[in-house]
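Residue 74 in my numbering sits at position 88 of the sequence shown; the count goes up by one each step and never skips. C-beta: ideal position from N, C-alpha, C; glycine also. Being a predicted model, the structure only gives us computed values, none of them experimental. Below: one structure, written as structure tokens.
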Amino acid sequence: MTENILSIQIQFRRPNPGNFYRSPLMGDSVEFAIDFSTSMQTLDALKERIKGYLERKPYRWNKDYSVLVKDIVNIKQMNISVYVTHTINFQNPGRKNICRFDLLLELMKIFEELHIKYHLLPQEVHLESIDSAPPAFPITRH
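This is how it looks when you write it as structure tokens:
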């Protein structure tokens, strides 16, 4: 009896190797906005560079991917999504984030090499004064 309980406790502490490779693959997407004046040749080069990056990293990414223009905003920028599939499974969530971060860095590098103007999402910053001392610079009101 104690032997069965002990073996069950050991099984719950370790991942089941039989289930590890049965998990479905994880999809992911990266969304960004680029300047509307970007030429079709540059967009084709962008897709080829993304394809080359994914093919150079077969241990991280499947070859299947898609690049879609989601919408055009104020005839100034195009919102684009890149959909990729990880070769890792759901039991490695930390590695998924690392792979996604590397993909983002690679996209930024590609944008700079192709001279594509890209836009980051706006960020909100909240400033609060910790002490009640007056500011070191003069405040003028008009």
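Leaving aside the five residues before and after residue 35 along the sequence, list all residues of the same chain whose C-beta is less than 7 Å from its C-beta, in chain order.
-> Within the sequence shown, residue 35 is the residue found at index 49, counting from 1. The residues are 96.
Return helix, strand or coil for residue 63, following the three-state DSSP convention.
-> Translated into positions along the sequence shown, residue 63 becomes position 77. Three-state result, residue 63: strand.
Could you say which of 47, 60, 41, 67 lies nearest to residue 22 if we only look at CA atoms?
-> Looking up residue 22 in the sequence shown gives position 36. Residue 60 is the option with its Cα nearest to residue 22.
May I ask you to list the residues that DSSP assigns as paired with residue 71?
-> Here residue 71 corresponds to residue number 85 of the sequence shown, with the count starting at 1. 13, per the DSSP bridge assignment.
Excluding five sequence neighbours on each side, which residues of the same chain lie with their C-beta closer than 7 Å to the C-beta of residue 40?
-> Here residue 40 is taken as the residue at index 54 of the sequence shown, counted from 1. Result list for residue 40: 47, 49, 51, 70, in chain order.
Skipping 5 residues on each side, what residues in its chain have a beta carbon closer than 7 Å to that of residue 56?
-> Counting from one through the sequence shown, the residue named residue 56 turns up at place 70. Excluding positions up to five away in sequence, the list reads 65, 66, 67.
Indicate the three-state DSSP secondary structure (helix, strand or coil) for residue 78 in the structure shown.
-> Here residue 78 is taken as the residue at index 92 of the sequence shown, counted from 1. In the structure shown, residue 78 sits in coil (DSSP, three-state: anything other than H, G, I, E or B).
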